[in-house]
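Asker: This is the structure I want to talk about, given as C-alpha cells.
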Amino acid sequence: MTWWHDLLFISDAGRVALLGAGFIALALVALVGEKVRTRRARIDRVGWVPWTTIFLAAAVIGGGLLASAIPPLLQG
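Structure (C-alpha cells):
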C-alpha cells in the first residue's frame, strides 16, 4: 500500500492527531516568527502579525487535539 492509501483510511483518532501535529507545527512557525521580529535592527519596523497570539492559540489547540487523540491510538 502507498502512504496515500494509509492516510486516506486512517482512523478518526489518527486524523485528530495529524490535525494536532499541524497546529503544533504552526505554533513552531509562529515561535520562529516572534524570534525574528524581536531581533530586528530597526525597532520601528516590527511588523503587524501577532505572533505571540498565534503561537499561544495554535499550541493550546494542538496540545488539546493531541491529548484527546493519543489514548485511542495507544489502545489500538
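Sequential numbering of the sequence shown, starting at 123, is according to my numbering.
Yeah, the Cβ is synthetic: ideal placement off N, Cα and C, and Gly gets one too.
What you are looking at is a predicted structure, and each value in this text was computed from that prediction instead of being measured.
1. Taking the alpha helix (DSSP H) that Ser133 belongs to, which residues open and close that run?
2. Here's the rule: buried if 16 or more other CB atoms are within 10 angstroms of the residue's CB, otherwise exposed. What is Phe131?
3. Could you give the distance in angstroms between the alpha-carbon of Arg167 and the alpha-carbon of Thr174?
4. State the Cα-Cα distance for the pair Gly184 and Ala163, rounded to the nearest angstrom.
5. According to DSSP, is Thr174 part of a helix, a strand, or is it coil?
Answerer: Put simply:
1. Stepping through the sequence shown from its first residue, residue 133 is reached at position 11. From DSSP, Ser133 is part of no alpha helix (DSSP H); its letter is neither H nor E.
2. Taking the first residue of the sequence shown as position 1, residue 131 is located at position 9. Counting Cβ neighbours within 10 Å, Phe131 comes out exposed, since fewer than 16 surround it.
3. Here residue 167 refers to the residue found at position 45 of the sequence shown. Here residue 174 refers to the residue found at position 52 of the sequence shown. So the alpha carbons of these two residues sit roughly 17 Å apart.
4. Counting from one through the sequence shown, the residue named residue 184 turns up at place 62. Counting from one through the sequence shown, the residue named residue 163 turns up at place 41. Rounded to whole angstroms, Gly184 to Ala163 spans 32 Å at the Cα level.
5. The residue labelled residue 174 in the question sits at position 52 within the sequence shown. Three-state DSSP puts Thr174 in a helix.
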